[in-house]
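Q: This is the structure I have questions about; it appears just below.
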Amino acid sequence: MPIVVITSEVVLDTQSPHLKMLHNAGMDVRFSPRRALTGEAETIEAVRGAAATIAGSEPYTESVLASLPELRVISRSGVGVDRIDLEAVTRRRVAVAITPSGNHEAVAEHAMALLLALTRSLLRQNQEVRRGTWNRAPLLPLRGRTLGLIGMGRIGKSVALRAAQFRLRLFAYDPLPDVAFAQTHGIEVVDLDTLLEQADYVTLHLPLTPATKGLINRKTLSRMKRGSLLINTSRGGLVVEEDLLSALQSGHLSGAGLDVFNQEPLSSGHPLLRLENVLVTPHVAGVDHQSAIDMAVQAAQNIIDLYHGQWPEGSIVNPAIQPGWQW
Numbered sequence: 426m427p428i429v430v431i432t433s434e435v436v437l438d439t440q441s442p443h444l445k446m447l448h449n450a451g452m453d454v455r456f457s458p459r460r461a462l463t464g465e466a467e468t469i470e471a472v473r474g475a476a477a478t479i480a481g482s483e484p485y486t487e488s489v490l491a492s493l494p495e496l497r498v499i500s501r502s503g504v505g506v507d508r509i510d511l512e513a514v515t516r517r518r519v520a521v522a523i524t525p526s527g528n529h530e531a532v533a534e535h536a537m538a539l540l541l542a543l544t545r546s547l548l549r550q551n552q553e554v555r556r557g558t559w560n561r562a563p564l565l566p567l568r569g570r571t572l573g574l575i576g577m578g579r580i581g582k583s584v585a586l587r588a589a590q591f592r593l594r595l596f597a598y599d600p601l602p603d604v605a606f607a608q609t610h611g612i613e614v615v616d617l618d619t620l621l622e623q624a625d626y627v628t629l630h631l632p633l634t635p636a637t638k639g640l641i642n643r644k645t646l647s648r649m650k651r652g653s654l655l656i657n658t659s660r661g662g663l664v665v666e667e668d669l670l671s672a673l674q675s676g677h678l679s680g681a682g683l684d685v686f687n688q689e690p691l692s693s694g695h696p697l698l699r700l701e702n703v704l705v706t707p708h709v710a711g712v713d714h715q716s717a718i719d720m721a722v723q724a725a726q727n728i729i730d731l732y733h734g735q736w737p738e739g740s741i742v743n744p745a746i747q748p749g750w751q752w
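Each residue of the sequence shown is one higher than the one before, counting from 426 in our numbering.
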C-alpha cells in the first residue's frame, strides 16, 4: 500500500473529499507532524518513506530528494514550484504535478480586494473613525484608470475579467500573451516599459523563475508612474523589497498590497510593516474554503492518475520524464 504524506497546511482538512479519494485508491494517507514545513530536515522527517506527497511550500532540494528514495510524485496544492529543484526531480524521475485550476479565482479576488482596499483607503478610514475622526476627503477612483497586468495566465486573466467590471482600462505584459483572449476582452498587450509608464495600478501574476526573479527593482520601479500602486499576489521573489521600500518612502509609489514576501513568515520587525501605505496579508490569496477543497481534490487526483499509469494533462511540470515513467 503506497504511502501518501500530506504536508500542505491548506489541505489538512480531514473532511475534504481528497482523503476518501486516496483511501479508495488504496493509499495509506498520513499527515505531516508539523504545519508549514520550512527546512530541509523537517521535510525529510515528514516525507520519509512516502511514495507521494501533497506538498505545500517545503523545499525539495537535491539533498532532500537524496534522502527520499521512495518518492515518486510531488503533487503541489497550488501552482508555484520555486521551492522544488526541477533539474533534480527530473534527473531522479520524480513527477511534479500542480493544480492549475484550483485557486486562480481566489487569487484574483484577493488581488482585487487589495487594490480596492488601497484605492479606497479602507484601513486608514477604519482607524480614523474609531479614533473619532470623520474625514470625508476624496478617494482614488478605479473607473477610467489603467490597470497593468504583468502576467496573463489563469490568474491574470481572472483579474482582468473582474477589473473590467470596474471600467478599468487594461494593459497586459506577458512573454507569451494570449492575443485572442486579449482582443476578446479589450486588453491592450504592450511591452513591459509601456505598461509600467502608463499604468496607475500594477498587479503581478508571474511565476518565480531565474528570468523573473527581481523583475520589480529600482530600475523598473522608477519607470512606474508617480503615485501608482503595486499589488503582488504571486511570489515575493519577483520584487526587490529594499527597492520597493525606497520607492514607497520617497512617495514615488503611493502604496503597495503584498501577500507574498522574500522570506516567509514575514518578520515582525520588517521595515515594510512600518509604512502605513503598505497593506500586507500572510500568503493567503489562493486559500479560501472552496479553493482549498479544489486544490486538495486536484492534487489527490493527480496522484491517483499517476498511480494508475495515467498522465494528468496540463498538470505535470516536468513532462520530459513521461517516456517509461513508472510508479
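The beta carbon of each residue, even a glycine, is placed where N, CA and C say it ideally should be.
These numbers come from a predicted model, not from an experiment.
Using the Cβ count rule (16 or more neighbours within 10 Å means buried), how would you classify THR432?
A: Position 7 of the sequence shown, counting from 1, holds the residue named residue 432. Counting Cβ neighbours within 10 Å, THR432 comes out buried, since at least 16 surround it.
Q: Is the beta carbon of GLU622 closer than 8 Å to that of LEU595?
A: For the purposes of this step, residue 595 is taken as the residue at position 170 of the sequence shown. For the purposes of this step, residue 622 is taken as the residue at position 197 of the sequence shown. No. Outside cutoff.
Q: Determine the DSSP secondary structure at GLY569, reduced to helix, strand or coil.
A: In the sequence shown, residue 569 corresponds to position 144, counting from 1. Three-state result, GLY569: coil.
Q: DSSP state of ARG501, grouped into three classes?
A: Counted from its first residue, the sequence shown places residue 501 at position 76. The answer is strand: DSSP assigns ARG501 an E or B state.
Q: Would you tell me roughly how many angstroms separate the C-alpha atoms of PRO748 and ALA725, rounded to the nearest one?
A: By one-based count along the sequence shown, residue 748 stands at place 323. By one-based count along the sequence shown, residue 725 stands at place 300. Spanning the two alpha carbons is a distance of roughly 22 Å.
Q: How is the alpha helix (DSSP H) around ASN642 delimited, first residue to last?
A: Here residue 642 refers to the residue found at position 217 of the sequence shown. ASN642 -> no alpha helix (DSSP H), and no H or E assigned at all.
Q: Checking the sheet assignment: what are the DSSP bridge partners for SER785?
A: The structure shown does not extend to residue 785, since the chain is modelled only from 426 to 752, so the question has no answer here.
Q: Does ARG561 pass the burial test, meaning 16 or more other C-beta atoms within 10 Å, or should it be called exposed?
A: For the purposes of this step, residue 561 is identified with residue 136 of the sequence shown, where counting begins at 1. Label assigned to ARG561: exposed.
Q: Taking the Cβ atom as the reference point for each residue, do VAL768 and ILE499 lie within a distance shorter than 8 Å?
A: With the chain covering only 426 through 752, there is no way to say anything about residue 768.
Q: Considering only their Cβ atoms, is the gap separating LEU593 from VAL584 smaller than 8 Å?
A: Counting from one through the sequence shown, the residue named residue 584 turns up at place 159. Counting from one through the sequence shown, the residue named residue 593 turns up at place 168. The answer is no: Cβ separation not under 8 Å.
Q: Could you give the residue range of the beta strand (DSSP E) that holds ARG455?
A: Walking along the sequence shown from the start, residue 455 turns up at place 30. Counting along the chain, the beta strand (DSSP E) containing ARG455 begins and ends at 453-456.
Q: Taking the alpha-carbon positions, what's the ASP616 to VAL604 distance?
A: Numbered from its first residue, the sequence shown carries residue 616 at position 191. Numbered from its first residue, the sequence shown carries residue 604 at position 179. Approximately 13 Å between the Cα atoms of the pair.
Q: Would you give the residue range spanned by the alpha helix (DSSP H) that ALA588 belongs to?
A: Counting from 1 along the sequence shown, the entry for residue 588 is found at position 163. Annotation for ALA588: the continuous alpha helix (DSSP H) segment containing it runs 579-590.
Q: Using a Cβ-Cβ cut-off of 8 Å (strictly less than) and excluding sequence neighbours within five positions of MET426, which residues of its own chain qualify?
A: If you number the sequence shown from 1, residue 426 lands on position 1. Within the same chain, MET426 has close Cβ partners GLY451, MET452, ASP453.
Q: Which complete beta strand (DSSP E) runs does the segment 473-533 hold, if anything under 3 residues is left out?
A: 477-480, 498-501, 520-522
Q: Does the CB of VAL429 have a neighbour CB from chain B at under 8 Å?
A: Absent here is chain B; the protein component of the structure consists of one chain.
Q: Quick check: the Cα distance between TRP752 and SER488, rounded to an integer number of angstroms?
A: To locate residue 752, count along the sequence shown from 1; it is residue 327. To locate residue 488, count along the sequence shown from 1; it is residue 63. The alpha-carbon atoms of TRP752 and SER488 are separated by roughly 21 Å.
Q: What does DSSP give as the partner residue(s) for PHE606 in the beta ladder?
A: Numbered from 1 along the sequence shown, position 181 holds the residue referred to as residue 606. Note: PHE606 sits in no beta bridge, so no partner.
Q: Rounded to whole angstroms, what is the Cα-Cα separation between ARG555 and LEU704?
A: By one-based count along the sequence shown, residue 555 stands at place 130. By one-based count along the sequence shown, residue 704 stands at place 279. Those two C-alpha atoms are separated by around 19 Å.
Q: Classify THR637 as helix, strand or coil using the three-state DSSP reduction.
A: Counted from its first residue, the sequence shown places residue 637 at position 212. Looking at THR637 - three-state DSSP - the assignment turns out to be coil, as it is neither helix nor strand.
Q: Using the three-state DSSP reduction, which class does ARG545 fall into: helix, strand or coil?
A: On the sequence shown, position 120 is the one that residue 545 refers to. The answer is coil: DSSP assigns ARG545 none of H, G, I, E or B.
Q: Quick check on the DSSP output: the beta strand (DSSP E) that includes THR628 runs from which residue to which?
A: By 1-based counting over the sequence shown, the position of residue 628 is 203. From DSSP, the beta strand (DSSP E) with THR628 extends over 626-629.
Q: Relative to the C-alpha of GLY662, which residue among PRO635, GLY611, LEU670, GLN550 is closest?
A: Position 237 of the sequence shown, counting from 1, holds the residue named residue 662. Per the Cα distances, PRO635.
Q: With a CB to CB cut of under 8 Å and the five nearest residues on each side skipped, what residues in its chain are close to ARG570?
A: Numbered from 1 along the sequence shown, position 145 holds the residue referred to as residue 570. These residues qualify, in order along the chain: LEU593, ARG594, ASP625, TYR626.
Q: Does the segment 699-715 come close enough to the segment 735-743 that 3 or more CB-CB pairs lie under 8 Å?
A: no
Q: In the DSSP assignment, the beta strand (DSSP E) including GLU613 goes from what residue to what residue?
A: The sequence position of residue 613 within the sequence shown is 188, counting from 1. Per DSSP, the continuous beta strand (DSSP E) segment holding GLU613 begins and ends at 612-614.
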